[in-house]
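Shown next as structure tokens:
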């Protein structure tokens, strides 16, 4: 069964550093998403991406964040200057369509900012 | 008011019990509704979509009441493997997750 993959599984970085989290969505999916989950809290939507551009973003997704689909397979989330409060699990998801279509989540990248 | 509100639990039930989870949402224009399941430190996985007429998948039954902005999930004959956190998810422009209801099924 096809699945979303994410690398690395755990990333430790120092405050102020840039990080890039990588995702490979399911190959025939058209919609891509990033979510984060701070430990013990709910899953929060960050951004959705379709047709090589951002379609929706939340108030969390400020100028420190950017997304890119640099080639036909990868989907990346970049945090330019990490803060302590960016420590969280970051999930990538993909879906074949919008609305009622299931979003398939990757296993997540645990980001720890020290 | 929280956008998607769930009873956090925990619910501790014996094997074979029936358990019900409730969820309310604030945006009346929400279009799609889901129950996801999340195991500890794992990604959310879709359990079932929720349709206006209600729907059933084996031991799981989901109901939607748009007028009351209320969603429910019923689990019958609960198994040890049902132990997880159940996330109510509502979609308008983007997906909004509830904080989850934790279920522990005990032998």
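Protein chains in written order, with the working numbering: chain A, 1467 to 1580; chain B, 1341 to 1447.
Here a beta-carbon is modelled for each residue, glycine too, at the ideal position from N, C-alpha and C.
Asked                                                                                                                                                                      : Found
Residue 1345/B versus chain A: which residues are under 7 angstroms apart at the beta carbon?                                                                              : The contacting residues do not exist; residue 1345/B stays about 11 angstroms from chain A at best.
Rounded C-beta distance between residue 1376/B and residue 1343/B? I'm assuming under 8 angstroms.                                                                         : Their Cβ separation, rounded to whole angstroms, is 15 angstroms, which puts residue 1376/B and residue 1343/B out of contact at 8 angstroms.
Going by beta-carbon coordinates alone, are residue 1349/B and residue 1418/B separated by less than 8 angstroms?                                                          : no
According to DSSP, what are the bridge partners of residue 1363/B?                                                                                                         : 1346/B and 1411/B
Residues of chain A with a CB under 7 angstroms from the CB of residue 1384/B: which are they?                                                                             : 1509 and 1571
Jot down the residue ranges of each uninterrupted alpha helix (DSSP H) in the segment 1490-1542 of chain A, minimum 4 residues, whole runs only, in chain order.           : none
Are the C-beta of residue 1407/B and some C-beta of chain A separated by less than 8 angstroms?                                                                            : no
Do residue 1499/A and residue 1559/A have their CB atoms nearer than 8 angstroms?                                                                                          : yes
Below 8 angstroms between beta carbons: does that hold for residue 1524/A and residue 1512/A?                                                                              : yes
Give the residues of chain A in contact with residue 1438/B, contact being defined as C-beta atoms less than 7 angstroms apart.                                            : 1508
Going along the chain, which residues of its own chain have a beta-carbon closer than 6 angstroms to the beta-carbon of residue 1425/B, five neighbours each way excluded? : 1378, 1440 and 1442
Of all Cβ atoms in chain B, is any one closer than 8 angstroms to the Cβ of residue 1566/A?                                                                                : yes
Residue 1421/B by DSSP, collapsed to three states: which one?                                                                                                              : helix
If you draw a straight line from the C-alpha of residue 1361/B to the C-alpha of residue 1561/A, how long is it?                                                           : 26 angstroms
Taking 8 angstroms as the cut-off, decide whether the C-beta atoms of residue 1571/A and residue 1383/B are in contact.                                                    : yes
Can you look up residue 1551/A in the DSSP assignment and give me helix, strand or coil?                                                                                   : helix
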